[in-house]
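The numbering of the sequence shown is our numbering, which starts it at 978 and goes up by one.
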Amino acid sequence: MSQIFDTIIIGGGPAGYTAALYAARAGLSVLVLERMAAGGQMTLTGEIENYPGIASIDGFTLGMQMQERAEHFGAKTEYTEVTAVDLTAEPKRIETWNGDFFAKTVILATGADPRRLGLAEEEALIGRGVHYCAHCDGRFYKDKTVVLVGGGNSAAADALYLSRVVKKVILVHRRDSLRATKIYHEPLMQAENVEFCWNSRVAHILSEKTVTGVVLENTQTGEQTERFCDGVFISIGRQPATSFLQGQIELDEHGYVIAGEDTRTNLPGVFAAGDLRTKELRQVITAAADGAVAADMVEKYL
978 MSQIFDTIII GGGPAGYTAA LYAARAGLSV LVLERMAAGG QMTLTGEIEN YPGIASIDGF
1038 TLGMQMQERA EHFGAKTEYT EVTAVDLTAE PKRIETWNGD FFAKTVILAT GADPRRLGLA
1098 EEEALIGRGV HYCAHCDGRF YKDKTVVLVG GGNSAAADAL YLSRVVKKVI LVHRRDSLRA
1158 TKIYHEPLMQ AENVEFCWNS RVAHILSEKT VTGVVLENTQ TGEQTERFCD GVFISIGRQP
1218 ATSFLQGQIE LDEHGYVIAG EDTRTNLPGV FAAGDLRTKE LRQVITAAAD GAVAADMVEK
1278 YL
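This is how it looks when you write it as structure tokens:
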């Protein structure tokens, strides 16, 4: 058997590397398993200006700095994809493309991915007019026009937030009324700079170097129209990266790991930090806070 780490952290976003930093500083042996690059979903944000103490920084740079600080105190990183886990074994086994790894405890920090529209041009325009976090990127569109796609509670809340920041919000929803709870309806209807495009979907995103507009398609008639906008915010839900945990740990009906503010799951020695756990607010700072708590809980558990 290879080295048995005090803790293995699955996911190298702000939750994962904060946990790694705190655990490594506490003298624990720490391994972070990350499939792509440090920072997770944070790397999709061109500029972060609401992280305390930092005026402005891009998500990729902040992720790299978090990784550097954790590794400075002894944490290790392995770039690989986790394919399966046995969280009830002693020690716990993590199967990856690069072989199996073992640990006394595990911190789950794989995050949640925003659901995408599935358009061919969508990926290339992320950070160049296409966004998935209104609170992260809305302020870059002051005095500009944006399209907000969605009709649930998150979309309604995002539309209200954007209405206070941007010149105009065009809310696009494929039905003829919002799915959001009634509490959002009246404030949205009263917002003078919110325009509703009912029974519509975004068929194409238009661009030059950045987003210049959208093609809207009526879901009932198929008629298409072009609308100018400076940016597109997509708010059609999130999908937690927990498929590899099915049958291993308790998940809620949406696939999020059930864990409270203490980050403890239903399995001893297994903790969940960041966007993959059940929580109200998913931001860089709340993920980092979870990571610190999870590391403290690991230290106490050991």
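The C-beta atom is built at its ideal place from N, Cα and C for all residues, glycine as well.
inquiry  = The beta strand (DSSP E) that contains GLU1011, what's its start and end?
reply    = Its beta strand (DSSP E) spans residues 1007-1011.
Residue environment, PHE982, which counts as buried when at least 16 other CB atoms sit within 10 Å = Per the 10 Å Cβ criterion, buried.
inquiry  = Are the CB atoms of THR1073 and THR1065 within a distance shorter than 8 Å?
reply    = Not in contact: THR1065 and THR1073 (Cβ atoms no closer than 8 Å).
request  = For THR1202, count neighbouring Cβ atoms within 10 angstroms of its own Cβ and tell me buried if that reaches 16, exposed if not.
outcome  = Around the beta carbon of THR1202, fewer than 16 other beta carbons lie within 10 angstroms, which makes this residue exposed.
inquiry  = Using a Cβ-Cβ distance cut-off of 8 Å, determine whether PHE1078 contacts chain D.
reply    = Reference to chain D is not applicable here, since this structure consists of a single protein chain.
message = If I follow the unbroken alpha helix (DSSP H) through ARG1002, where does it start and stop?
response = Per DSSP, ARG1002 is one residue of the alpha helix (DSSP H) stretching across 991-1002.
message = Using only the alpha-carbon positions, how far apart do LEU1148 and LEU1258 sit?
response = The alpha-carbon atoms of LEU1148 and LEU1258 are separated by roughly 22 Å.
Distance between beta carbons of VAL1142 and GLY1115, contact taken as under 8 Å = With a Cβ gap of about 5 Å, GLY1115 and VAL1142 count as contacting.
Inter-stretch contact at 8 Å, needing at least 3 Cβ pairs: the stretch 1258-1275 / the stretch 991-1006 = Yes, the stretch 1258-1275 touches the stretch 991-1006.
query = For GLN1044, does the count of other Cβ atoms within 10 angstroms reach 16, so buried, or fall short, so exposed?
reply = So GLN1044 ends up on the buried side.
message = Once DSSP output is grouped into helix, strand and coil, what is the label at SER1177?
response = The answer is strand: DSSP assigns SER1177 an E or B state.
key: Segments assigned alpha helix (DSSP H), at least 4 residues, entirely inside the stretch 1118-1202   = Taking only runs of at least 4 residues, the alpha helix (DSSP H) segments lying wholly in the stretch 1118-1202 are 1130-1140 and 1162-1167.
request  = Assuming ILE1211 and LEU1094 form a contact by the criterion Cβ under 8 Å, report the distance between their Cβ atoms to the nearest whole angstrom.
outcome  = Their Cβ separation, rounded to whole angstroms, is 6 Å, which keeps ILE1211 and LEU1094 in contact under 8 Å.
request  = Rank LEU1183, THR1187 and THR984 by C-alpha distance to the C-alpha of GLU1067 and give the top, closest one.
outcome  = When each option's Cα is compared against that of GLU1067, the closest is THR984.
query = Buried or exposed: which applies to ILE1160, given that a residue is buried once 16 or more other Cβ atoms fall within 10 Å of its Cβ?
reply = Residue environment analysis places ILE1160 among the exposed positions, since fewer than 16 neighbouring C-beta atoms fall within 10 angstroms of its C-beta.
task = Please list the segments of the beta strand (DSSP E) lying wholly inside the stretch 1207-1240, counting only runs of 3 or more residues, in order along the chain.
result = The qualifying runs are 1208-1211 and 1215-1217.
query = On the three-state DSSP scale, how would you describe LYS1277?
reply = Helix, per DSSP.
query = If we call anything under 8 Å between Cβ atoms a contact, is ASP1090 one with ALA1111?
reply = The answer is no: Cβ separation not under 8 Å.
request  = Report the option in VAL1126, ILE987, GLN1018 and VAL1270 whose CA atom is closest to the CA atom of LEU1008.
outcome  = The residue with the shortest Cα to Cα distance from LEU1008 is ILE987.
query = Do VAL1188 and GLY1106 have their C-beta atoms closer together than 8 Å?
reply = The Cβ atoms of VAL1188 and GLY1106 lie closer than 8 Å to each other.
inquiry  = Pop quiz: THR1057 and ASN1075 are said to be a contact at Cβ under 8 Å. What is the actual Cβ separation, rounded to whole angstroms?
reply    = Right, the Cβ-Cβ distance comes to about 4 Å (below 8 Å), so this counts as a contact.
ask   = Where does the unbroken beta strand (DSSP E) through PHE1290 begin, and where does it stop?
value = As displayed, the chain neither begins before 978 nor continues past 1279, which places residue 1290 out of reach and without an answer.
Spatial distance of ALA1218 from VAL1247 (CA atoms) = If I take the Cα positions, the gap works out to 16 Å.
inquiry  = As a quick exercise: from LEU1244, GLU1276 and PHE1205, pick the residue whose alpha carbon is nearest that of LEU1222.
reply    = The alpha carbon of LEU1222 has as its nearest neighbour, out of LEU1244, GLU1276 and PHE1205, the alpha carbon of LEU1244.
request  = Decide if GLU1011 is buried, meaning its Cβ has at least 16 other Cβ atoms within 10 Å, or exposed.
outcome  = Within a 10 Å sphere around the beta-carbon of GLU1011 sit 16 or more other beta-carbons, which makes this residue buried.
query = What are the residues that DSSP puts in a beta bridge with ARG1070?
reply = Bridge partners of ARG1070: ASP1063 and PHE1079.
ask   = Are the CB atoms of GLY1088 and GLY1214 nearer to each other than 8 Å?
value = In this structure, GLY1214 does not lie closer than 8 Å to GLY1088 by Cβ.
query = Buried or exposed: ASP1207, going by 16 or more other Cβ atoms within 10 Å of its Cβ?
reply = By the beta-carbon neighbour count (other beta carbons within 10 angstroms, threshold 16), ASP1207 is buried.
request  = Quick one: measure Cβ to Cβ for ALA1015 and MET1041, integer angstroms, because I've assumed they're closer than 8 Å.
outcome  = So it is a contact: roughly 5 Å between Cβ atoms.
ask   = alpha helix (DSSP H) containing ASP1114: first to last residue?
value = Looking at the DSSP string, the run of the alpha helix (DSSP H) that includes ASP1114 is 1111-1114.
ask   = Between LEU1193 and SER1177, is the Cβ-Cβ spacing less than 8 Å?
value = Against a cut-off of 8 Å, the Cβ pair of SER1177 and LEU1193 comes out as a contact.
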